[in-house]
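A.B. asks: Handing you this structure, nothing more for now.
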Amino acid sequence: MTDSSPDFSMRSVALAAFLPAALFAIGEGAIIPIIPVVASGLGASLPFAAFVAALILVGELVGDIPSGWLVSRVGERSSMIGASLVSIGGLVTCLLAPNEVVLAVGVLVIGLATAVFALARHAFMTSFVPIAVRARALSSLGGVFRLGYFVGPFLSAGVIELTGSVQSAFVVHIVGCLGAAVSLLVLRDPSASFGPTPAARRTTAEPDLVALERQGLFATLRRHRGVLVKLGSGAALIGAMRSGRQVMLPLWAVSIGLGASETAIIIGIAGAVDFALFYTSGQIMDRYGRLWSAVPCMVGLGLSYLALSLTHDLDDRVGWFIAVAVAMSLANGIGSGILMTLGADLADPKDPAPFLGAWRFTGDAGSAGAPLLISAVTALVSVSVASGVMGLLGLVGAGILLRYVPRYSPHTPRSKR
589 MTDSSPDFSM RSVALAAFLP AALFAIGEGA IIPIIPVVAS GLGASLPFAA
639 FVAALILVGE LVGDIPSGWL VSRVGERSSM IGASLVSIGG LVTCLLAPNE
689 VVLAVGVLVI GLATAVFALA RHAFMTSFVP IAVRARALSS LGGVFRLGYF
739 VGPFLSAGVI ELTGSVQSAF VVHIVGCLGA AVSLLVLRDP SASFGPTPAA
789 RRTTAEPDLV ALERQGLFAT LRRHRGVLVK LGSGAALIGA MRSGRQVMLP
839 LWAVSIGLGA SETAIIIGIA GAVDFALFYT SGQIMDRYGR LWSAVPCMVG
889 LGLSYLALSL THDLDDRVGW FIAVAVAMSL ANGIGSGILM TLGADLADPK
939 DPAPFLGAWR FTGDAGSAGA PLLISAVTAL VSVSVASGVM GLLGLVGAGI
989 LLRYVPRYSP HTPRSKR
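One gets the working numbering by counting positions in the sequence shown from 1 and adding 588 to each.
Take a look at the structure:
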């Protein structure tokens, strides 16, 4: 589908397109702030707690390897249902984990499932949403995930208070996965309104195209290595700054003595700011271009990390923690949907999943690497130095995006990228 699709209506597909993602994201948002806390309670050191939190992103990176092929083969809906069920298996493992090692295994499985779920929804939006409103649609999808990161922590805080067990927060995500799977089964497949899905089109594709797709992720990485090395490095740093925030804030809270429910509430409040800006980000990208969302996002996140690194030993460190958490959410909200939009700009709309798998692998490499870097620097030096390093990376990323976004994703849309 291209610009010439006047009959497209987001309202006609919004419930089926967004509800499963919202339920899945609420569950994910419920567990992310408490993973380091759970790991610490099971006996993990501060650096190992950061490592366990990072494994959800490592799992997403590994899950990107088969996800493009899988979604292209079986379709978006089947992929999301399967991912929800696999995620439940990982969550039950976390819920019953007797030690930090078993917890780490469960977190890794959740990350694997999350990669498939996220790519499947991204592929649908890339295939069927007209270019003229692409950024707003994908920012709305980003906003759905931000809604989950806003609501989820409050739900986990309530469950923890009611049960007295931090691990009980994993039940919220189990319910979210079940809800996502049921909604996918009950609601009409939104792609049915717009012709064959990419998976269906693939079965009637030319033989040489089919053979090309069978080469998988690494062949796709080679074919598109130019854009993936240049603009992809900026995407990797965006992913790094965002995932680093999800690990740094809970880790920082542990280091300054905040409890699990307090941490979840503070991060949930910050998530409200993030969520409030998702549509504004889409309007900026559709009206002024992708650059005007990407660069302010990275500069804001970089400066926030640098500010946080200076506050650990201050008397009002809790107040500073809250202020920086909100500032990070403000910067991140301005960039809502930027990675999905850039990937959609570059992907083949007829079958975007293979390229999107490679694009998400590039971004998720940064997402997975940042928490591991935070863990390593925290172990070797301190959590404050780790925050400072992340801040510098954010400013480097802003420079890369400033150079390459206009080259590969200019404001004036092109039918072929």
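All C-beta atoms, glycine included, are put in the ideal place defined by N, C-alpha and C.
What does a CB cutoff of less than 8 Å around residue 738 pick up in its chain, not counting 5 residues either side in sequence?
C.D. replies: Correct list, in chain order: 617, 856, 859, 860, 862, 863.
A.B. asks: Please classify residue 615 as buried or exposed, where buried requires at least 16 other C-beta atoms within 10 Å of its C-beta.
C.D. replies: Buried, because 16 or more other Cβ atoms sit within 10 Å of the Cβ of residue 615.
A.B. asks: Counting only the same chain and skipping the five closest in sequence on each side, list residues whose C-beta sits under 7 Å from that of residue 951.
C.D. replies: Excluding positions up to five away in sequence, the list reads 823, 824, 826, 827, 927.
A.B. asks: In whole angstroms, give me the CA-to-CA distance for residue 635 and residue 967.
C.D. replies: Approximately 5 Å, taken between the alpha carbons.
A.B. asks: For the region 673–685 and the region 753–767, state whether three or more C-beta atom pairs, one from each stretch, are separated by less than 8 Å.
C.D. replies: Contact between the region 673–685 and the region 753–767 is present, because at least three Cβ pairs lie under 8 Å.
A.B. asks: Suppose contacts are defined by Cβ-Cβ distances below 8 Å. Is residue 731 in contact with residue 688 by that definition?
C.D. replies: No.
A.B. asks: Less than 8 Å between the beta carbons of residue 638 and residue 835, yes or no?
C.D. replies: A contact, by the Cβ cut-off of 8 Å.
A.B. asks: Answer yes if the region 913–930 comes into contact with the region 954–964, meaning at least three C-beta pairs across the two stretches below 8 Å, and no otherwise.
C.D. replies: Because the criterion of three Cβ pairs below 8 Å is not met, the region 954–964 and the region 913–930 do not touch.
A.B. asks: Can residue 754 and residue 626 be called in contact, C-beta distance under 8 Å?
C.D. replies: It is a contact, given that the beta carbons lie within the stated cut-off.
A.B. asks: Let me confirm a value: residue 903 is counted as buried when at least 16 other C-beta atoms fall within 10 Å, else exposed. Which label applies?
C.D. replies: Result: exposed.
A.B. asks: Starting from residue 969, trace the alpha helix (DSSP H) both ways and give me its first and last residue.
C.D. replies: Element bounds for residue 969: n/a, residue is neither H nor E.
A.B. asks: Cutting at 6 Å between CB atoms, please list the residues of its own chain near residue 883, excluding the five before and the five after it.
C.D. replies: Answer for residue 883: 986, 989, 990, listed in chain order.
A.B. asks: Leaving out five residues before and five after residue 963 in sequence, what residues of the same chain have Cβ atoms less than 7 Å from its Cβ?
C.D. replies: Correct list, in chain order: 635, 638, 639, 642.
A.B. asks: May I have the straight-line CA-CA distance separating residue 766 from residue 698, to the nearest angstrom?
C.D. replies: So the alpha carbons of these two residues sit roughly 14 Å apart.
A.B. asks: Take the Cβ of residue 939 as the centre, count every other Cβ of all protein chains shown within 10 Å, and call the residue buried at 16 or more, exposed below.
C.D. replies: With 16 or more Cβ atoms within 10 Å of its Cβ, residue 939 is classed as buried.
A.B. asks: From residue 651 to residue 691, what distance separates their C-alpha atoms?
C.D. replies: In a straight line, the C-alpha of residue 651 is about 18 Å away from that of residue 691.
A.B. asks: Does the beta-carbon of residue 810 have 16 or more other beta-carbons within 10 angstroms, so that it is buried, or is it exposed?
C.D. replies: Residue 810 should be labelled exposed.
A.B. asks: Here's the rule I'm using: 16 or more other beta-carbon atoms within 10 Å means buried, otherwise exposed. How should residue 901 be labelled?
C.D. replies: Result: exposed.
A.B. asks: Take residue 768 and list the residues in its own chain whose beta-carbon comes closer than 6 Å to its own, dropping the five residues that flank it on each side.
C.D. replies: Taken in chain order, the residues that qualify are 608, 611, 612, 672.
A.B. asks: Is it the case that the Cβ atoms of residue 920 and residue 830 are separated by a distance below 8 Å?
C.D. replies: Cβ distance < 8 Å, so residue 920 and residue 830 count as in contact.
A.B. asks: DSSP three-state call for residue 938: helix, strand or coil?
C.D. replies: Reduced to three states, the DSSP call for residue 938 is coil.
A.B. asks: Put residue 903 into one of helix, strand or coil per three-state DSSP.
C.D. replies: The answer is coil: DSSP assigns residue 903 none of H, G, I, E or B.
A.B. asks: How many Å lie between residue 664 and residue 709 at the Cα?
C.D. replies: Taking the straight line from one Cα to the other gives about 7 Å.
A.B. asks: When the Cα atoms are used, what is the spatial distance from residue 735 to residue 924?
C.D. replies: Distance between the alpha carbons of residue 735 and residue 924: 12 Å.
A.B. asks: Would you please state the rounded distance, in angstroms, between the beta carbons of residue 886 and residue 982? I believe it to be under 8 Å.
C.D. replies: Right, the Cβ-Cβ distance comes to about 5 Å (below 8 Å), so this counts as a contact.
A.B. asks: Among 977, 849, 892, which one has its Cα closest to the Cα of residue 751?
C.D. replies: Measuring from the Cα of residue 751, the nearest candidate turns out to be 849.
A.B. asks: Does the distance from the C-beta atom of residue 875 to that of residue 993 stay below 8 Å?
C.D. replies: In this structure, residue 993 does not lie closer than 8 Å to residue 875 by Cβ.
A.B. asks: From the DSSP output, in three-state form, read off residue 802 for me.
C.D. replies: Note that residue 802 scores a pLDDT of 45, beneath 50, so its modelled location is shaky and nothing firm can be said.
A.B. asks: Under the rule that 16 or more other beta-carbon atoms within 10 Å means buried, what is residue 633, buried or exposed?
C.D. replies: With fewer than 16 other Cβ atoms within 10 Å, it is exposed.
A.B. asks: Count the other CB atoms within 10 Å of the CB of residue 695; is the residue buried (16 or more) or exposed (fewer)?
C.D. replies: Buried: at least 16 other Cβ atoms inside 10 Å.
A.B. asks: Taking the alpha-carbon positions, what's the residue 744 to residue 869 distance?
C.D. replies: Using only the alpha carbons, I get a separation of about 28 Å.
A.B. asks: Look up residue 687 in the DSSP assignment and say whether it is helix, strand or coil.
C.D. replies: Looking at residue 687 - three-state DSSP - the assignment turns out to be coil, as it is neither helix nor strand.
A.B. asks: Rounded to the nearest angstrom, what separates residue 758 and residue 701 at their Cα positions?
C.D. replies: Those two C-alpha atoms are separated by around 15 Å.
A.B. asks: Residues in the same chain with beta-carbon distance under 8 Å from residue 838, minus the five sequence neighbours each way, listed in chain order, please.
C.D. replies: Within the same chain, residue 838 has close Cβ partners 620, 621, 622, 623, 624, 625, 641, 851, 855.
A.B. asks: I'd like to know whether the C-beta atoms of residue 722 and residue 899 end up nearer to each other than 8 Å.
C.D. replies: For residue 722 and residue 899, no; Cβs fall outside 8 Å.
A.B. asks: Exposed or buried, residue 998, counting other C-beta atoms within 10 Å across all chains shown (16 or more means buried)?
C.D. replies: So residue 998 ends up on the exposed side.
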